Amino acid sequence: MADWLIGIIMGIVEGLTEFLPVSSTGHLILTAEILNFQDDPRASIFEVVIQLGSILAVVVVFWKRLWSIVGVKTEGYKSSRLNVLHIILGGIPAIVVGLLLHDWIKANLFSMETVLVSLVAGGILMIAAEVLPKGPKIESLDDMTYKQAFTIGLFQVLALWPGFSRSGSTMSGGMFAGVSRKTAAEFSFILAVPMMVGASGLDIVKNLDKLSTADLTLFASGFVTAFIVAMFAIFGFLKLLESVKLTTFAIYRFILAIAFYIVFIM
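Under our numbering, the first residue of the sequence shown is numbered 14, with each subsequent residue one higher.
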């Protein structure tokens with residue numbers, strides 16, 4: 014299959030799933046299996062590059078909020094109580110665990126079997142976040158406490174297991190901590206910027222020897238496609254959360270795991 018076509022297909026999958034609670038990494042691994050791309054030496058670094066395309070979409074969509082977090086006043090965000098400390102507290106747990114277990118995770122958790130297990134496990138967590146009784150929820154990022162940000166960060170550690178879903182784990186953690194579904198999603202998007210830029214940057218540095226100008230078509234098509242699709246996905250998902258619960262996405266995860274188990278493992 015032509016590089017540009019692989020780039021577009023994988024970019025679409027990344028852009029659609031990065032911010033949905035269904036696991037973009039899991040979908041990329043499963044899609045690579047279908048395209049017979051999983052053993053390509055460029056596969057791992059390619060997935061990192063297209064994730065940066067999705068992150069660029071977050072920066073474009075939330076640029077005013079991101080400026081306000083670092084103290085720069087913009088129209089609509091002249092005073093924001095959500096600040097850098099919230100982001101630091103939300104990111105510390107995954108950063109610490111990720112640095113300690115990075116190589117082990119890469120070596121042991123990036124298979125189809127482990128992804129299918131985590132799809133199911135993450136779905137169970139999301140259902141629990143919806144059905145277990147909880148108190149009143151905050152409806153704005155500006156009302157989020159430092160404790161809530163740190164609790165979300167603890168749940169984000171689960172996303173180091175490919176297939177668990179970063180947005181699914183952080184949204185579930187937010188709901189357990191007393192944050193509304195939509196507000197938890199918004200914080201998840203914003204938290205993704207430093208987390209994924211840092212993780213992607215580390216992977217790129219470690220894999221510089223795999224980058225080549227000959228692969229520009231693959232990387233460029235994937236990056237641009239992921240960016241464009243992610244822009245639409247962010248707006249669509251936030252609108253969808255007004256009427257759809259995480260349970261719906263959990264059921265999708267179960268169906269996907271069962272389908273791939275039957276087709277590729279049984």
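Yeah, the Cβ is synthetic: ideal placement off N, Cα and C, and Gly gets one too.
Everything numeric in this text was worked out from a predicted model, so none of it was measured.
Beta-carbon proximity of residue i to residue j, cut-off 8 Å
i, j, result
"residue 104", "residue 208", "yes"
"residue 188", "residue 201", "no"
"residue 192", "residue 106", "no"
"residue 113", "residue 274", "no"
"residue 41", "residue 19", "no"
"residue 33", "residue 225", "no"
"residue 142", "residue 164", "no"
"residue 55", "residue 221", "no"
"residue 159", "residue 95", "no"
"residue 301", "residue 168", "In the structure as shown, the chain begins at 14 and stops at 279. Residue 301 is therefore absent and cannot be evaluated."
Proximity test, Cβ basis, 8 Å: residue i and chain B
i, result
"residue 234", "Absent from the structure: chain B. Only one protein chain is present."
Same chain, Cβ closer than 7 Å to residue i, five either side skipped, listed in chain order
i, result
"residue 242", "24, 25, 28 and 29"
"residue 254", "194, 195 and 198"
"residue 69", "240"
"residue 60", "41"
Residue span of the alpha helix (DSSP H) that contains residue i, given as start and end
i, result
"residue 169", "159-169"
"residue 78", "76-82"
"residue 188", "179-189"
"residue 37", "37-48"
"residue 313", "Residue 313 lies beyond the stretch modelled for the chain, which goes from 14 to 279, so this question has no answer here."
"residue 277", "Premise fails: residue 277 is in no alpha helix (DSSP H) and is neither H nor E."
Spatially closest choice to residue i from the options, by CA coordinates
i, options, result
"residue 16", "233, 247, 183 and 72", "233"
"residue 140", "14, 261, 270 and 277", "261"
"residue 228", "38, 58 and 98", "58"
"residue 6", "182, 211 and 264", "Residue 6 is absent from the model: the chain starts at 14 and stops at 279."
"residue 135", "224, 153 and 173", "173"
"residue 127", "97, 38 and 116", "38"
"residue 6", "220, 22, 162 and 18", "This structure leaves residue 6 out entirely; the chain is present only between 14 and 279."
"residue 138", "217, 186 and 31", "186"
Integer-rounded CB distance, given that residue j should sit under 8 Å from residue i
i, j, result
"residue 72", "residue 237", "With 8 Å as the limit, residue 72 and residue 237 do not qualify as a contact, their Cβ atoms being about 15 Å apart."
"residue 74", "residue 247", "5 Å"
"residue 265", "residue 35", "6 Å"
"residue 132", "residue 270", "4 Å"
"residue 118", "residue 97", "Actually they are not in contact, since the Cβ atoms of residue 118 and residue 97 sit about 27 Å apart, beyond 8 Å."
8 Å CB neighbourhood of residue i in its chain, flanking five on each side removed
i, result
"residue 125", "42, 43, 46, 273, 277 and 278"
"residue 153", "196"
"residue 115", "215"
Any non-hydrogen atom of the ligand GDP closer than 7 Å to residue i Cβ
i, result
"residue 256", "Questions concerning the ligand GDP fall outside what the structure shown contains, since it holds no ligand whatsoever."
Nonlocal neighbours in the same chain, by C-beta distance under 6 Å from residue i, ignoring five residues either side
i, result
"residue 244", "70"
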